[in-house]
Amino acid sequence: MKNMGIIRVCSVVMTILVLSALMPGRSHSWNAATHAYIEERLCKAQGQLDDGVLNNRIYGANAVDIFNDNFTSPYVQFAAYLHDTATDNFMKAWDEAGTGAELAFAYGFVSHNNTWGMDSTAHVSGITYGRGEGYVIAKAQVLTAMLKPLLEEQLGPLPDDVVVDICHYLVEYGVDFLVRTIDPSVGNKLMTAAQFRSEEVPALLANAYTVDFSVIAGLSLDDTEALIETTEGTFRVWMMGYGWALTQPNALDLVAEGLAEVGAEYLGLPPGSGEALVPTVKQGILTAMALCAPDIDRELRASTGWVNGKLSSHGISW
């Protein structure tokens with residue numbers, strides 16, 4: 030669903046998208062369209078067909094990442110808190126939820142988790158591929174062997190960890206483009222979910238996490254609450270923008286151009302070097318797609334079943 034408001038902000042949010050996509054430090058996991066795809070499959074399997082429920086669940090399934098792309102303190106600490114596999118911090122949103130809209134959002138939020146949720150199959154242990162390391166990480170290792178010669182031909186010698194890091198992101202975006210092939214409407218679903226997420230969401234997140242985050246950041250409760258709500262608003266705009274990009278005929282070009290610019294900055298190349306990297310980045314995404322195409326549908330279906338079972342076993346239902 031498009032509207033003039035989304036179109037007016039698309040250039041701004043595309044800038045946010047490209048400035049966050051390849052920065053170092055972000056957790057490697059499924060990307061936004063993939064989270065939306067799995068969450069919709071969960072929703073349908075459970076007979077939840079209401080559009081409002083689906084929108085809040087898709088938004089919740091992505092909102093665990095609201096702090097991921099700011100690499101300053103205290104955002105880095107907040108992201109680590111929400112993704113910590115040794116805790117169930119992600120459950121606080123579920124424990125706080127009360128209304129139907131809050132529960133739908135919180136259900137998606139919990140389903141994302143890195144301990145036994147969607148993210149765990151991406152970078153802890155895959156179901157059909159990448160067991161013991163995660164689907165995304167396993168594919169990134171293979172992609173690294175394929176792309177390192179090409180990258181070094183253009184850029185010179187690169188540390189292995191830099192190449193692997195780049196390939197993680199290429200796999201994430203490659204999988205999102207494969208999801209877009211499976212479900213061409215996924216971009217619209219991301220836009221719609223972000224646009225129509227419940228107005229109760231910012232307060233729910235603040236109520237669930239202000240006290241803990243205040244201690245982590247050394248901020249007052251009021252300042253921490255404002256920070257949470259402001260960050261959620263920024264993330265909401267990003268999600269609409271990324272969804273918009275996936276609806277465009279030249280989506281691959283848009284993403285490749287953005288990743289190339291930020292990739293050049295990440296690698297410490299002179300300003301303006303990104304343009305020369307666009308063909309390489311585009312080829313990297315396409316190679317990641319080819320690498321994942323034979324088995325991604327099977328892995329996503331298996332991940333959906335895994336997460337559904339884990340949610341039930343942890344008493345997450347309504």
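Positions in the sequence shown are counted from 1; adding 29 to them yields my numbering.
Ideal Cβ placement from N, Cα and C applies to all residues, glycine included.
query	result
Burial state of ILE35 (16 or more Cβ within 10 Å)	Any reading at ILE35 must be qualified, since the residue scores a pLDDT of 43, below 50, and its modelled position is unreliable; no value is offered.
Own chain partners of ILE67 with C-beta closer than 8 Å, once the 5 adjacent residues on each side are dropped	TRP59, ALA90, SER140, MET147, LEU329, SER332, THR333, VAL336
Separation of ASP124 from LEU187, as counted between CA atoms	46 Å
Beta-carbon proximity check, PHE96 vs THR263, cutoff 8 Å	no
Residue of PHE206, ALA293, SER227 minimising C-alpha distance to THR276	PHE206
Candidates LEU283, ASN236, ARG327, of which the one nearest GLY127 by Cα	ASN236
Through-space distance from PRO300 to SER346, alpha-carbon basis	51 Å
Distance, VAL192 Cα to ARG55 Cα	Any reading at ARG55 must be qualified, since the residue scores a pLDDT of 47, below 50, and its modelled position is unreliable; the value itself is stated next. Roughly 15 Å between the two C-alpha positions.
Simplified DSSP assignment, three categories, for ARG167	Note on residue identity: the sequence assigns Ala, not Arg, to residue 167. In this structure, ALA167 counts as helix in the three-state DSSP scheme.
Nearest-angstrom Cα separation, counted from ASN118 out to LEU233	14 Å
Integer-rounded CB distance, given that THR63 should sit under 8 Å from VAL204	5 Å
Whole-number beta carbon distance between GLY163 and ALA151, since they are thought to touch under 8 Å	5 Å
Distance, PRO231 Cα to LEU340 Cα	23 Å
Own chain, CB closer than 8 Å to ALA135, minus 5 neighbours either side, in chain order	GLY89, ALA122, TRP123, GLU125, ALA126, LEU233
Under 8 Å between C-beta atoms of ALA289 and LEU306	yes
Span of the alpha helix (DSSP H) around ASP189	189-211
Nonlocal neighbours in the same chain, by C-beta distance under 8 Å from LEU172, ignoring five residues either side	CYS196, LEU199, VAL200, GLY313, THR316, ALA317, LEU320
GLY344 versus GLN75: straight-line alpha-carbon distance, rounded	14 Å
Simplified DSSP assignment, three categories, for GLU181	helix
8 Å Cβ cutoff met for ASN85 and SER214	no
For ASP251, the first and last residue of its enclosing alpha helix (DSSP H)	250-276
Any alpha helix (DSSP H) of 4 or more consecutive residues that is wholly inside the stretch 212-250	215-224, 230-246
ILE211 burial status per 10 Å Cβ neighbour count (16 or more: buried)	exposed
Short CB-CB distance (under 8 Å) between SER249 and chain B	You won't find chain B in this structure, because it holds only one protein chain.
Spatial neighbours of GLU133 in its chain, beta-carbon cut-off 6 Å, leaving aside the 5 residues before and after	It should be noted that the sequence gives Ala, not Glu, for residue 133. Answer for ALA133: VAL82, ASN85, ARG86, listed in chain order.
For TRP335, the three-state DSSP class (helix, strand or coil)	helix
Expected contact under 8 Å - CB spacing of MET220 and TRP273 to nearest Å	6 Å
Where PRO308 falls: helix, strand or coil (DSSP)	helix
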